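In the working numbering, the protein residues as written are 40 to 608.
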């Protein structure tokens with residue numbers, strides 16, 4: 040979209056000339072749209088070919104994380120989908136800046152610097168294309184996430200980011216006139232003035248670079264936050280070894296085996312399987328799907344427990360905790376996890392009935408609590424008071440801590456020999472596997488960083504090329520008046536440094552603002568800002584913007600003034 044916007048700006052004179060020759064107003068738009076279609080098809084096909092080649096290296100990257108060897112093959116459907124997506128996206132985004140060219144008049148052929156008609160929200164074609172783009176993004180996001188609400192949030196978020204960057208660019212362009220005092224150095228005054236002069240590319244370049252920085256910053260923030268959550272889990276959790284399916288008559292033997300390997304049992308919890316049979320006297324089969332209760336909450340098999348007190352990973356929210364009761368009691372109070380109570384639509388005092396492996400047990404909601412699900416221990420939606428389920432068929436989950444991977448391996452070997460039914464989770468192995476996977480995420484983020492910077496650099500080069508003629512005229516004028524090549528380079532450097540710095544800072548600020556709700560509501564992890572790497576990203580974007588901008592505008596300083604005057608004459 041940015042590239043075609045610059046291309047359209049550069050072709051206003053050609054379109055006006057065609058209109059003078061009698062071309063219909065839609066003919067130039069169709070011609071340039073066909074160009075965009077051809078380029079999109081070639082680029083998408085080339086990208087698919089590169090993807091197929093790159094896939095050959097994929098087995099070596101993921102082989103260490105897969106338990107079985109996997110044969111990778113080329114999918115023609117995936118290739119076709121990728122090419123189609125590339126073509127559709129490119130054509131739609133290219134059409135948006137091209138449609139206003141239909142309003143170019145023959146009179147603009149007589150103007151030296153013909154400005155293209157702007158994209159306005161009052162244009163029905165622009166509104167139609169924008170709606171099509173939004174709908175296409177929503178469908179694509181829905182296909183990948185499987186959640187229409189999240190997909191709508193993605194589209195709205197992209198619109199907010201793009202709008203914020205555009206507003207920042209407009210404010211920059213307007214504020215540049217008043218930001219530099221008369222006492223500033225001449226290259227600084229001229230460089231800042233270039234941000235609002237005619238045919239400047241401030242809005243397009245800032246939006247493009249800012250969006251690229253937003254992508255990089257979002258990836259870095261998500262990586263740092265998720266890694267921090269995993270590391271925090273490892274630090275906070277004393278337990279790193281969990282045993283499931285321990286039968287009551289195996290409890291003492293399993294505990295003795297753990298103590299033999301110097302792995303103390305930190306917690307042993309009974310687990311009783313049950314299903315929800317009724318809510319408020321209504322049988323589960325009579326509750327319809329249109330009543331707003333999720334199916335998983337109604338029909339899942341609940342793994343519940345009984346105990347006399349709360350754990351340090353639970354916080355009472357409402358009601359009173361009851362730690363002791365009996366099946367003979369008239370009222371048996373249970374404690375529900377707060378989210379489950381909200382999904383079931385029940386509160387304190389409401390009646391429930393559970394089917395405990397064929398035995399109906401009527402209870403009331405005595406309390407609700409918040410559960411820290413990230414703690415390494417068995418956590419439960421429903422907790423009964425002690426004395427109610429003690430004789431029910433059950434199994435035991437034991438949480439322990441082993442000293443090293445070698446001890447863990449020896450302990451697992453002895454457990455398999457003595458108790459073949461017991462399942463084991465080695466959290467240390469899990470965390471090391473997660474860390475290895477996140478190493479690959481780091482590699483992907485580095486690749487995305489280079490890719491985004493390269494794409495932003497390409498658009499920046501196009502922006503510089505589009506305004507190259509005007510920059511040459513300015514350079515000729517300045518050099519004729521006695522300005523040195525060093526001063527001209529200084530003016531251009533100031534312009535690109537300011538542009539890159541503002542784009543990068545805006546993009547990173549938006550990444551932090553977007554990361555907070557994403558981490559809170561999707562990943563349920565705390566926000567962590569990698570200030571060092573974000574600072575390196577800011578510096579890198581400014582450096583790339585300045586280097587690419589100066590390289591693209593080098594002709595304005597290397598061409599002799601007399602040659603430029605003769606060429607323009």
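Quick reminder that beta carbons are idealized off the backbone N, C-alpha and C, glycines included. Remember, predicted model here, so these are calculated numbers, not experimental data.
Neighbour-count burial assignment, residue i, 16 or more Cβ in a 10 Å radius
i	result
residue 250	buried
residue 460	exposed
residue 71	buried
residue 386	exposed
residue 419	buried
residue 554	buried
residue 535	buried
residue 588	buried
residue 388	exposed
residue 490	exposed
residue 209	exposed
residue 229	buried
residue 263	buried
residue 567	buried
residue 518	buried
residue 513	buried
residue 245	buried
residue 573	buried
residue 541	buried
Nearest neighbour of residue i, chosen from the options [CA to CA]
i	options	result
residue 253	564, 593 and 545	545
residue 375	346, 180 and 422	422
residue 473	258, 530, 266 and 75	266
residue 548	517, 203 and 180	203
residue 468	445, 292 and 453	445
residue 593	574, 137, 515 and 541	515
residue 450	331, 533 and 298	298
residue 247	42, 556, 482 and 168	42
residue 133	171, 257 and 532	171
residue 466	455, 319, 477 and 443	443
residue 84	578, 556, 118 and 68	118
residue 586	68, 411, 537 and 413	537
residue 345	319, 434 and 391	434
residue 413	257, 244 and 470	470
residue 234	288, 533 and 114	533
Sheet register partners of residue i (DSSP bridge)
i	result
residue 462	283
residue 209	According to DSSP, residue 209 bridges with nothing at all.
residue 430	In DSSP, residue 430 forms no bridge with anything.
residue 524	DSSP, once it has assigned bridges, lists no residue as partnering residue 524.
residue 310	434
residue 401	392
residue 345	423
residue 363	425
residue 171	None; residue 171 has no bridge partner.
residue 406	358 and 374
residue 317	322 and 392
Cβ neighbours of residue i in the same chain (closer than 6 Å, five flanking residues each side left out)
i	result
residue 432	396
residue 207	545
residue 529	226
residue 608	In this prediction, residue 608 scores a pLDDT of 49, lower than 50, which makes its location untrustworthy; the coordinate-derived value is nonetheless stated afterwards. Closer than 6 Å at the Cβ level, and outside the excluded window around residue 608, lies no residue.
residue 187	181
residue 58	145
residue 190	177, 180, 181 and 184
residue 290	435
Sub-9 Å separation of residue i and residue j beta-carbons
i	j	result
residue 356	residue 405	no
residue 576	residue 255	yes
residue 415	residue 282	no
residue 125	residue 82	yes
residue 307	residue 294	yes
residue 197	residue 176	yes
residue 394	residue 403	no
residue 428	residue 285	no
residue 562	residue 261	yes
residue 231	residue 218	yes
residue 317	residue 391	yes
residue 47	residue 168	no
residue 366	residue 426	yes
residue 352	residue 411	yes
residue 243	residue 60	no
Chain-order list of residues whose beta-carbon lies under 8 Å from that of residue i (same chain, five-residue window excluded)
i	result
residue 130	72, 75, 76 and 79
residue 440	277, 278, 279, 280, 302, 303 and 305
Cβ-based neighbour list, residue i, same chain, cut-off 7 Å, excluding 5 preceding and 5 following
i	result
residue 336	379, 382 and 383
residue 354	408 and 409
residue 309	344, 345, 433 and 435
residue 257	550, 553 and 554
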